[in-house]
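Just below is one structure, and these are the notes that go with it.
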Amino acid sequence: MKDLDSLIDAIIIDRVLKSRHIIEAFEKVDRADFVPDMFKEAAYVDAPLGIGENQTISQPTTVAFMLEQLSPQKGDKILDIGAGSGWTTAMLCHIVGDEGSVLGLERIDSLVELGKFNLARYCPDETRCRIEKAGERLGVPGKKFDKILVSAAADELPEELIDQLNVGGKLVIPVRDSIEVVTKTSEEEYQRESIYGFRFVPLVY
Numbered sequence: 000m001k002d003l004d005s006l007i008d009a010i011i012i013d014r015v016l017k018s019r020h021i022i023e024a025f026e027k028v029d030r031a032d033f034v035p036d037m038f039k040e041a042a043y044v045d046a047p048l049g050i051g052e053n054q055t056i057s058q059p060t061t062v063a064f065m066l067e068q069l070s071p072q073k074g075d076k077i078l079d080i081g082a083g084s085g086w087t088t089a090m091l092c093h094i095v096g097d098e099g100s101v102l103g104l105e106r107i108d109s110l111v112e113l114g115k116f117n118l119a120r121y122c123p124d125e126t127r128c129r130i131e132k133a134g135e136r137l138g139v140p141g142k143k144f145d146k147i148l149v150s151a152a153a154d155e156l157p158e159e160l161i162d163q164l165n166v167g168g169k170l171v172i173p174v175r176d177s178i179e180v181v182t183k184t185s186e187e188e189y190q191r192e193s194i195y196g197f198r199f200v201p202l203v204y
């Protein structure tokens with residue numbers, strides 16, 4: 000794709016990108032600001048791109064699909080695991096607005112700093128949206144979120160992340176070659192949908 004509008008139009012035509020507020024996030028948060036200089040010309044190609052440390056910024060169609068499944072809304076409190084260069088964190092910050100919050104977690108030190116730098120262009124208010132280094136345990140044990148997005152593949156569905164959801168909350172996470180969409184229906188129960196045909200870098204924790 001030659002420009003951002005063409006990329007967005009293509010994902011809409013493919014019927015992956017549907018919701019107006021998610022389309023607007025794609026429009027307002029330019030992917031080119033989150034890729035290395037050497038890949039700027041490829042920023043609007045619908046493909047994953049390297050961001051260093053053997054990590055990638057995900058394919059735009061895949062990100063659109065996962066955000067549509069997550070269904071983030073204004074005012075949501077969201078956890079973004081595997082923040083990478085900060086693109087999805089910034090889009091989520093745009094979506095949740097001033098009344099919501101987004102915490103991005105990343106394990107690799109250099110990417111934590113890169114993500115913070117990139118995010119600051121779009122959301123300088125760190126009390127609302129920020130990226131931090133991930134701890135030894137997955138997510139933020141003891142805290143609750145309305146939505147959790149994970150951008151790396153786990154070997155199995157992590158129950159500890161379901162514990163960190165509010166009732167009615169949603170977790171979207173790659174597990175091996177599928178994307179799992181988990182909706183928490185009560186403190187003890189949840190519904191799970193598996194959607195196959197995806198590949199991600201492995202989740203490390």
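Each residue of the sequence shown is one higher than the last, beginning at 0 in numbering that gives the first Met the number 0. Every residue gets a Cβ at the ideal spot worked out from N, C-alpha and C, and that includes glycine. Just so we're clear, the structure is a prediction, and the values are computed from it rather than from any experiment.
Which residues DSSP lists as bridging residue i, in chain order
i       : result
Lys-183 : Tyr-189
Leu-6   : Per DSSP, none; premise fails for Leu-6.
Arg-129 : Leu-102
Ala-153 : Val-174
Ile-194 : Ile-178
Pro-201 : Ala-152
Burial state of residue i, where buried means 16 or more other Cβ atoms lie within 10 Å
i       : result
Lys-142 : exposed
Tyr-195 : exposed
Ile-12  : exposed
Pro-59  : buried
Pro-173 : buried
Val-181 : buried
Asn-53  : exposed
Thr-184 : exposed
Asp-208 : Past the edges of the chain, shown from 0 to 204, lies residue 208, and the structure says nothing about it.
Leu-187 : According to the sequence as given, residue 187 is Glu; it is not Leu. With fewer than 16 other Cβ atoms within 10 Å, it is exposed.
Ala-82  : buried
Val-95  : buried
Glu-125 : exposed
Arg-120 : exposed
Ser-84  : buried
Glu-105 : buried
Ser-5   : exposed
Ser-109 : exposed
Element boundaries [beta strand (DSSP E), containing residue i]
i       : result
Gly-49  : 48 to 51
Gly-114 : Run containing Gly-114: none in the beta strand (DSSP E); it sits in the alpha helix (DSSP H), 108 to 121.
Leu-164 : 164 to 174
Secondary structure of residue i, DSSP reduced to three states
i       : result
Gln-58  : coil
Leu-148 : strand
Ala-24  : helix
Lys-76  : strand
Ala-42  : coil
Glu-135 : coil
Leu-91  : helix
Leu-160 : helix
Leu-66  : helix
Asp-32  : helix
Arg-14  : coil
Terminal residues of the alpha helix (DSSP H) in which residue i lies
i      : result
Ser-84 : Neither: Ser-84 is in no alpha helix (DSSP H) and is coded neither H nor E.
Cut-off 6 Å between Cβ atoms - residues of its own chain near residue i, not counting five sequence neighbours on either side
i       : result
Leu-90  : A quick correction: the sequence has Met, not Leu, at residue 90. Counting only Cβ-Cβ distances below 6 Å, and skipping sequence neighbours, we find Ala-24, Val-28.
Ser-7   : The question names Ser, but residue 7 in the sequence shown is Ile. Cβ neighbours of Ile-7 beyond the five flanking positions: Phe-25.
Lys-115 : Ile-130
Met-65  : Val-171
Glu-192 : Val-180
Pro-157 : Leu-137
Beta carbon proximity, residue i to chain B, threshold 7 Å
i       : result
Ile-161 : Absent here is chain B; the protein component of the structure consists of one chain.
Close Cβ partners of residue i (< 8 Å) along its chain, the five nearest in sequence each way excluded
i      : result
Ala-63 : Ile-10, Val-15, Leu-16, Ile-21, Phe-25
Close-in-space but distant-in-sequence residues of the same chain around residue i (CB under 7 Å, 5 per side omitted)
i      : result
Leu-69 : Lys-146, Leu-148, Lys-169, Val-171
Ser-18 : Glu-67
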